[in-house]
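Asker: Structure provided below as structure tokens; questions to follow.
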Amino acid sequence: MIYPVIMKTVEGLAVGFMSGGQFKVPVGAVQMRVDGNEAIMVTPENTPNISEIEAWFAPFIVDIPGLDNDAINNAQKVAVENAMRMSQPYTLVVGDEADRILDQMLSGQNLIYRQILVNQPNPSTGRVPLDQSLSEALRKAGLIN
């Protein structure tokens, strides 16, 4: 089961989905739309790293002559970051896309979503009614003015 979430990250306001229940599982991609607006895909690839990879990441290759050490270390770091994104119990967007989704949510009536899963018989789907309580809650939480 997943549910919509709006939160603040180091990269700014984030909009997306989190897994709920006793066991938090990776969310994967989610297709969503507000009312009759165009559908938007929220994918792990666009999810900001909320976990601090820099705190524990150590270069795999250090000064081996004849190798492009920086390129190899960067490739490894990107692979680790992508693996972390795909295994997080949330899928989020930030920046202009998050602002666009939030604007639609604040002026819309229904958020409709479906989880895009491979080899899963029962993906989460849902409809969340949107009303004035959303903007009130976001103001109280200090996420919007």
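Following this note's numbering, the residues of the sequence shown are numbered contiguously, the last one being 128. All C-beta atoms in this analysis are idealised placements derived from N, C-alpha and C, irrespective of residue type, glycine included.
Under DSSP, the alpha helix (DSSP H) around methionine 88 begins and ends at which residues?
Answerer: Here residue 88 refers to the residue found at position 105 of the sequence shown. That run of the alpha helix (DSSP H) goes 79 to 90.
Asker: Is proline 48 helix, strand or coil by DSSP?
Answerer: Indexing the sequence shown from 1 puts residue 48 at position 65. In this structure, proline 48 counts as coil in the three-state DSSP scheme.
Asker: Suppose you measure from the CA of threonine 108 to the CA of glutamine 98; what does that come to, to the nearest Å?
Answerer: Here residue 108 corresponds to residue number 125 of the sequence shown, with the count starting at 1. Here residue 98 corresponds to residue number 115 of the sequence shown, with the count starting at 1. Rounded to whole angstroms, threonine 108 to glutamine 98 spans 6 Å at the Cα level.
Asker: Here's a check: name, in chain order, each residue in its chain whose Cβ is nearer than 6 Å to the Cβ of methionine -16, leaving out the five neighbours to either side.
Answerer: One-based indexing of the sequence shown puts residue -16 at position 1. Answer for methionine -16: Gly3, Gly4 and Ser107, listed in chain order.
Asker: Return the CA-CA distance between leucine 89 and valine -2, expressed in angstroms with no decimal places.
Answerer: Here residue 89 refers to the residue found at position 106 when the sequence shown is read from its first residue. Here residue -2 refers to the residue found at position 15 when the sequence shown is read from its first residue. Spanning the two alpha carbons is a distance of roughly 12 Å.
Asker: Based on DSSP bridge pairs, tell me the residues matched to arginine 16.
Answerer: For this step, residue 16 is matched to residue 33 along the sequence shown. Ile95, per the DSSP bridge assignment.
Asker: With a cut-off of 8 Å, does the C-beta of alanine 62 fall near any C-beta of chain C?
Answerer: As a matter of chain content, chain C is missing from the structure shown, which is built from one protein chain.
Asker: Keeping to the same chain, check which residues put their C-beta closer than 6 Å to that of tyrosine 96; ignore five residues upstream and five downstream.
Answerer: Here residue 96 refers to the residue found at position 113 when the sequence shown is read from its first residue. Excluding residues within five positions, the ones whose Cβ falls inside 6 Å are Val13, Met15 and Gly109.
Asker: Going by DSSP, what residue range makes up the beta strand (DSSP E) through serine 116?
Answerer: Counting from one through the sequence shown, the residue named residue 116 turns up at place 133. Where serine 116 is concerned, there is no enclosing beta strand (DSSP E), although the alpha helix (DSSP H) it sits in stretches over 115 to 123.
Asker: Using only alpha-carbon positions, find the residue among Pro72, Ile47, Gln115 and Ser70 that is nearest to glycine 91.
Answerer: What you label residue 91 is simply residue 108 of the sequence shown in a count that begins at 1. Comparing Cα-Cα distances from glycine 91 to each of Pro72, Ile47, Gln115 and Ser70, the minimum goes to Gln115.
Asker: Quick check on proline 27: buried or exposed, where buried means 16 or more other Cβ atoms within 10 Å of its Cβ?
Answerer: Your numbering for residue 27 matches position 44 in the sequence shown. So proline 27 counts as buried.
Asker: Tell me the DSSP secondary structure of valine 61 in three-state form.
Answerer: Sequence index remark: in the sequence shown, residue 61 carries index 78 (1-based). Helix.
Asker: Looking only at its chain, what residues have a beta carbon closer than 6 Å to the beta carbon of valine 77, apart from the 5 residues adjacent to it on each side?
Answerer: Residue numbering aside, residue 77 sits at position 94 when the sequence shown is read from its first letter. Closer than 6 Å at Cβ, skipping near neighbours: Glu(-6), Gly(-5), Ala(-3) and Pro31.
Asker: DSSP puts threonine -8 in a beta bridge; with which residues?
Answerer: Mapped onto the sequence shown, residue -8 falls at position 9. In the DSSP output, where bridge partners are listed per residue, threonine -8 has Gly(-5).
Asker: Excluding the five sequence neighbours on either side, which residues of its own chain have a C-beta within less than 7 Å of the C-beta of valine -12, listed in chain order?
Answerer: Position 5 of the sequence shown, counted from the first residue, corresponds to residue -12. Taken in chain order, the residues that qualify are Gly(-1), Phe0, Met1 and Tyr73.
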